Amino acid sequence: MTSAGITRRQAIGSAAIAVFAAALAPRLALADEAAVAAELKKLYADKPMTEGRIKLDVPQIAENGLVVPLNVDVESPMTAADHVKAVHVFADGNPLPQILTYRFTPESGKASASIRMRLAQTQTIVCVAEMSDGKLYSAKAGVKVTIGGCGG
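Read in order, the letters of the sequence shown correspond to residues -31 to -1, 1 to 121 in mature numbering (1 follows the signal peptide of the UniProt record, and there is no 0).
Here it is in structure tokens:
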């Protein structure tokens, strides 16, 4: 035992917990609108985005944030000259703002995809479709995540 009343084992254990907490803390921070905007700027600089062509189907109220369904459909003929190249989905309340990216080719036939995602809290989902001609389309939807399935 040291003069401060702490054993060497306790001091090493406390130091290990502090290091673990310091390493974990950045992962617990949540993204925000600015983080989503920064991710979009990294991908597309200041390229203009137009609303439309994207049907974003996500529940307004999710009673379980662990399994929130998301369906994305983008209107496109999916020809070699005019097709969806990629669809990016972001959430402004999760630890990492970018949730997923879908890649499409004309052979996909339809620019449509579904997923069940985990949402940390009530937040806005942002979807961006990147077209073969370089145009960008976007859509947003708010999802209220409730605790315990109470719907409130």
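C-beta atoms are modelled at their ideal positions from N, C-alpha and C, and glycine is treated no differently.
Keep in mind it's a predicted model, so treat the numbers as computed, not measured.
{"Query": "Does the structure place the region 28 to 35 close enough to the region 13 to 20 that three or more beta carbon pairs sit under 8 Å?", "Result": "no"}
{"Query": "Assign Leu105 to one of three DSSP states: helix, strand, or coil.", "Result": "strand"}
{"Query": "If contacts are defined as beta-carbon pairs under 8 Å, then Lys113 and Thr91 qualify, I think. What distance do you get, rounded to the angstrom?", "Result": "5 Å"}
{"Query": "Taking its Cβ as the centre, do 16 or more other Cβ atoms sit within 10 Å of Leu65, making it buried, or is it exposed?", "Result": "exposed"}
{"Query": "Please report the straight-line C-alpha distance between Val56 and Arg85, rounded to a whole angstrom.", "Result": "16 Å"}
{"Query": "Between Val53, Lys11, Arg87, Gly(-27), which has its C-alpha nearest Gly103's C-alpha?", "Result": "Val53"}
{"Query": "Leaving out five residues on either side along the sequence, give the residues of the same chain with a beta carbon under 8 Å from the beta carbon of Asp51.", "Result": "Ser45, Met100, Ser101, Asp102"}
{"Query": "So who's on the other strand from Arg72, going by DSSP bridges?", "Result": "Ala55"}
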